[in-house]
Amino acid sequence: MRIEIDRSRCRGAGQCALHAPELFDQSEEDGMVVVLDDQPPPELLERARLAERLCPNSVIRVLDDEQSRGGPAG
Amino acid sequence: MSVTSPTPSAVPLPTRRGCPFDPPDEYGVLRQRQPISRLAFPDGKTGWLFTRYEDVRGLLADVRFSSDRRRASSPVRAFPIRIGDPRVPGSLIGMDPPEHTRYRRLVTRWFTVRRMRELAPRIDRIVADHLAAMDRTGPPVDLVGEFARPIPSLVICELLGVPYGDRTDFQRWTAALFRLDEPKESVFAARDALWEYVRELVVAKRRQPDEALLSQLIHSEDPSAGLTDQELTGVGQLLLIAGHETTANMLALGTFALLCHPEQSRILRERPDLVDNAVEELLRYLTIVQFGIVRVAREDVEVAGVRVRAGETVVASIAAANRDPAQFPEPDELDITRSAAHHIAFGHGVHQCLGQQLARMEMRTAYPALFGRFPALRLAVPADQVPLRDDMFIYGVHRLPVTWQG
């Protein structure tokens, strides 16, 4: 699994840091997203997907292993 | 592909509730039969009402729709809400990117998950103090006046650096801004009075800074900051209004809902680990932004088979969306054990609530503390005598008389 973000879309709502604190934080400078682990272990997949789904600005993309290797959606 | 525009007659926004916790029944009918329907506005114009979760969520993230209130009709009043006028500097809720983005990035760092967690001990203390005061007064008490309103008001005052002693004034102005049948002159007078109050505060902070948000914004080292007094006033008044009007209503209405669903308050008492879940479910179930979120089409847009014309006002009913059975099974049931995190009570898209983490922190602290301190808490009047805020932009209860004696 790999996590990609488009930080330019972030408005700092904090949904990711709230629901997946192992993976996401917010910057001290502007409150925007910081990825703590962009290649998390599989047991965090569900949380990563929740953060992806709840993000109000579609900042987060969670790619499974196939996509990470450069599959069609990667 | 040809798009057929249905031409049913436009109807006004449904506002009459059957049950105090449910949106008007018409929303459910519309969502099922005509999820994007013709809406008649009090100013004589027509537009659209969105009631389905996916459509509402899509609309709020769609850059083809503007948040600029100047061009929008209000669904419940013949004149627009002037707090959202983007000509008012710093009034970010009525702005589109890139203007919106600049302000949002300047203030967001004050409302992060981490910062709000750091406030937890202080919020604990404030909640405990108010519960102790209630205990000393003895029942019955009005939970709105003694608990739900003062707690978020004090928290936002401390966060911004606004003197809590001035609350009678700014709470009165805010109420006037948000009351549907308030005369236009009175709404504008309240708006001007609030503006002048915050502007004087900004001027005072320039001379004598403190550690709170307004001062820190003024003296920010961020080179992109450099906000003018006008901008600081706009941002400041918005945060002040939003900070004490919204959470206050969630605390009182949420307590009312829990008291009317004793099996849910029992679960909350027995399973403190469910508190965050309960907060999300109460946000979903109650969705206090009762008249929806307004957007204006910048261009002709085709959505779910209808064509919205450039300039038309569209109302996204987040209350109806949060009761969509396609997203929430048995949507009209309050169930604090369900997973409701994907509700859109805080909106969606770039404008999703800036203060949502603060609101969550206040709720997750206040409900368990209240029910923990007064295990026998109950209404002191019959439920149908609790005065409801049908007449305010933000739903809730005007008063909530409660008792806790056997």
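Protein chains in written order, with my numbering: chain A, 619 to 692; chain B, 1113 to 1518.
Every residue gets a Cβ at the ideal spot worked out from N, C-alpha and C, and that includes glycine.
Determine which residues of the segment 646-667 of chain A have a Cβ less than 9 Å from any Cβ of chain B, and write them out in chain order.
Contact annotation: in the segment 646-667 of chain A, residues whose CB is within less than 9 Å of a CB in chain B are 646, 647, 648, 649, 650.
Look up residue 1480 of chain B in the DSSP assignment and say whether it is helix, strand or coil.
Against the second sequence, residue 1480 of chain B aligns to sequence position 368. Note: residue 1480 of chain B maps to helix in three-state DSSP.
Count the other C-beta atoms from every protein chain shown that fall within 10 angstroms of the C-beta of residue 1257 of chain B, then say buried if there are 16 or more, exposed otherwise.
As a working mapping, residue 1257 of chain B is identified with position 145 in the second sequence. Exposed is the call here.
Counting only C-beta atoms, is residue 1407 of chain B closer than 8 Å to chain A at any point?
If you number the second sequence from 1, residue 1407 of chain B lands on position 295. So no, residue 1407 of chain B is outside the interface.
Partner residues on chain B for residue 636 of chain A, Cβ-Cβ distance less than 7 Å
One-based indexing of the first sequence puts residue 636 of chain A at position 18. 1225, 1469, listed in chain order.
If we cut at 8 Å on Cβ distances, does residue 1220 of chain B have a partner in chain A?
Start at 1 with the first residue of the second sequence, and residue 1220 of chain B comes out as number 108. Judged by the 8 Å Cβ criterion, residue 1220 of chain B is in contact with chain A.
Identify every run of the alpha helix (DSSP H) within the segment 1146-1184 of chain B, keeping only runs that are complete inside it and at least 4 residues long; order them along the chain.
For the segment 1146-1184 of chain B, the full-length alpha helix (DSSP H) segments reaching 4 residues or more read 1165-1172 along the chain.
Could you tell me whether the Cβ atoms of residue 1176 of chain B and residue 1410 of chain B are closer together than 8 Å?
On the second sequence, residue 1176 of chain B is found 64 positions in, with the first residue counted as 1. On the second sequence, residue 1410 of chain B is found 298 positions in, with the first residue counted as 1. Cβ atoms of residue 1176 of chain B and residue 1410 of chain B: closer than 8 Å.
Is residue 1135 of chain B near residue 1432 of chain B, with beta carbons less than 8 Å apart?
Along the second sequence, read from residue 1 onward, the residue named residue 1135 of chain B stands at position 23. Along the second sequence, read from residue 1 onward, the residue named residue 1432 of chain B stands at position 320. Yes. Within cutoff.
Among B:1438, B:1189, B:1308, which has the Cα closest to the Cα of residue 1167 of chain B?
Numbered from 1 along the second sequence, position 55 holds the residue referred to as residue 1167 of chain B. The option with the nearest alpha carbon to residue 1167 of chain B is B:1438.
So which residues on chain B does residue 631 of chain A lean against when the C-beta distance must stay under 7 Å?
Here the question's residue 631 of chain A lines up with position 13 in the first sequence. The contacting residues are 1464, 1468.
Inter-residue spacing [alpha-carbon to alpha-carbon] between residue 1405 of chain B and residue 1353 of chain B
The count along the second sequence starts at 1 and reaches residue 1405 of chain B at position 293. The count along the second sequence starts at 1 and reaches residue 1353 of chain B at position 241. Here the C-alpha atom of residue 1405 of chain B lies approximately 17 Å from the C-alpha atom of residue 1353 of chain B.
Beta-carbon proximity of residue 1180 of chain B to residue 1401 of chain B, cut-off 8 Å:
Counted from its first residue, the second sequence places residue 1180 of chain B at position 68. Counted from its first residue, the second sequence places residue 1401 of chain B at position 289. The Cβ-Cβ distance between residue 1180 of chain B and residue 1401 of chain B does not fall below 8 Å.
Work out the CA separation of residue 1461 of chain B and residue 1173 of chain B for me, nearest whole Å.
As a first step, residue 1173 of chain B must be located in the second sequence, where it is residue number 61. As a first step, residue 1461 of chain B must be located in the second sequence, where it is residue number 349. Roughly 4 Å separates the two Cα atoms.
Measuring only between beta-carbons, confirm whether residue 1454 of chain B sits less than 8 Å from chain A.
Here residue 1454 of chain B refers to the residue found at position 342 when the second sequence is read from its first residue. True, the Cβ-Cβ gap to chain A drops below 8 Å.
Report yes or no: is there a C-beta of chain A within less than 8 Å of the C-beta of residue 1510 of chain B?
For this step, residue 1510 of chain B is matched to residue 398 along the second sequence. So, not an interface residue.
Distance cutoff 8 Å, beta carbons only. Does residue 1234 of chain B sit that close to anything in chain C?
Of the chains in the structure shown, none is chain C; the protein chains are A and B.
Could you check the C-alpha separation between residue 1291 of chain B and residue 1283 of chain B for me, to the nearest Å?
Locating residue 1291 of chain B in the second sequence gives position 179, where the first residue counts as 1. Locating residue 1283 of chain B in the second sequence gives position 171, where the first residue counts as 1. For residue 1291 of chain B and residue 1283 of chain B, the distance between alpha carbons rounds to 12 Å.
Interface residues of chain B facing residue 644 of chain A [CB-CB closer than 7 Å]:
As a first step, residue 644 of chain A is located in the first sequence; it is residue number 26 there, counting from the start. What residue 644 of chain A touches in chain B: 1224, 1225, 1226.
Ends of the alpha helix (DSSP H) at residue 1466 of chain B?
Position 354 of the second sequence, counted from the start, is the residue given in the question as residue 1466 of chain B. Per DSSP, residue 1466 of chain B lies in no alpha helix (DSSP H) segment and is marked neither H nor E.
Looking only at C-alpha atoms, which of B:1169, B:1130, B:1187, B:1145 sits nearest to residue 1427 of chain B?
Within the second sequence, residue 1427 of chain B is the residue found at index 315, counting from 1. The option with the nearest alpha carbon to residue 1427 of chain B is B:1187.
The segment 1353-1366 of chain B: which residues have C-beta closer than 8 Å to a C-beta of chain A, in chain order?
Residues passing the 8 Å Cβ filter: none.
Please confirm if residue 679 of chain A has its CB atom under 8 Å from at least one CB of chain B.
Taking the first sequence and counting its residues from 1, one reaches residue 679 of chain A at position 61. No Cβ of chain B is located within less than 8 Å of the beta carbon of residue 679 of chain A.
Going by beta carbon distance, what residues of the same chain come within less than 6 Å of residue 1142 of chain B, once the five residues before and after it are set aside?
The count along the second sequence starts at 1 and reaches residue 1142 of chain B at position 30. Excluding residues within five positions, the ones whose Cβ falls inside 6 Å are 1149, 1163.
From this set, B:1344, B:1234, B:1362, which residue's C-alpha is nearest residue 1203 of chain B's C-alpha?
Position 91 of the second sequence, counting from 1, holds the residue named residue 1203 of chain B. Residue 1203 of chain B has its Cα closest to that of B:1344, out of B:1344, B:1234, B:1362.
Please compile the residues from chain B whose C-beta is within a distance smaller than 8 Å of the C-beta of residue 671 of chain A.
In the first sequence, counting from the first residue as 1, residue 671 of chain A sits at position 53. In chain order: 1454.
CB-CB length for residue 1264 of chain B against residue 1393 of chain B, believed under 8 Å:
In the second sequence, counting from the first residue as 1, residue 1264 of chain B sits at position 152. In the second sequence, counting from the first residue as 1, residue 1393 of chain B sits at position 281. Between residue 1264 of chain B and residue 1393 of chain B, the beta carbon gap of about 20 Å keeps them out of contact (Cβ cut-off 8 Å).
Beta-carbon neighbours of residue 1461 of chain B, restricted to chain A and to distances below 7 Å
Along the second sequence, read from residue 1 onward, the residue named residue 1461 of chain B stands at position 349. Ordered by position in chain A, the residues that pass the 7 Å Cβ test against residue 1461 of chain B are 674, 675.
With a Cβ-Cβ cutoff of 8 Å, do residue 667 of chain A and residue 680 of chain A count as a contact?
Here the question's residue 667 of chain A lines up with position 49 in the first sequence. Here the question's residue 680 of chain A lines up with position 62 in the first sequence. Yes, the pair counts as a contact, with Cβ atoms nearer than the cut-off.
For my contact list, residue 1273 of chain B and residue 1326 of chain B are in at a C-beta cut-off of 8 Å; report their separation, rounded to the angstrom.
Looking up residue 1273 of chain B in the second sequence gives position 161. Looking up residue 1326 of chain B in the second sequence gives position 214. For residue 1273 of chain B against residue 1326 of chain B, the beta-carbon gap comes to about 5 Å, under 8 Å, which counts as contact.
Evaluate the contact criterion for the segment 1357-1373 of chain B versus the segment 1299-1306 of chain B: three or more CB pairs, one atom per stretch, below 8 Å.
Taking a cut-off of 8 Å on C-beta distances, the segment 1357-1373 of chain B does not touch the segment 1299-1306 of chain B, as fewer than three cross pairs fall below it.
Three CB pairs or more closer than 8 Å across the segment 1209-1229 of chain B and the segment 1466-1473 of chain B
These segments touch.
Count Cβ pairs between the segment 1348-1362 of chain B and the segment 1483-1497 of chain B that sit closer than 8 Å; are there 3 or more?
Segments in contact, no.
Report the start-end ranges of each alpha helix (DSSP H) in the segment 1281-1327 of chain B that is 4 residues or longer and not cut off at the edges.
Runs of alpha helix (DSSP H) with 4 or more residues, each lying fully within the segment 1281-1327 of chain B, are found at 1296-1319, listed in chain order.
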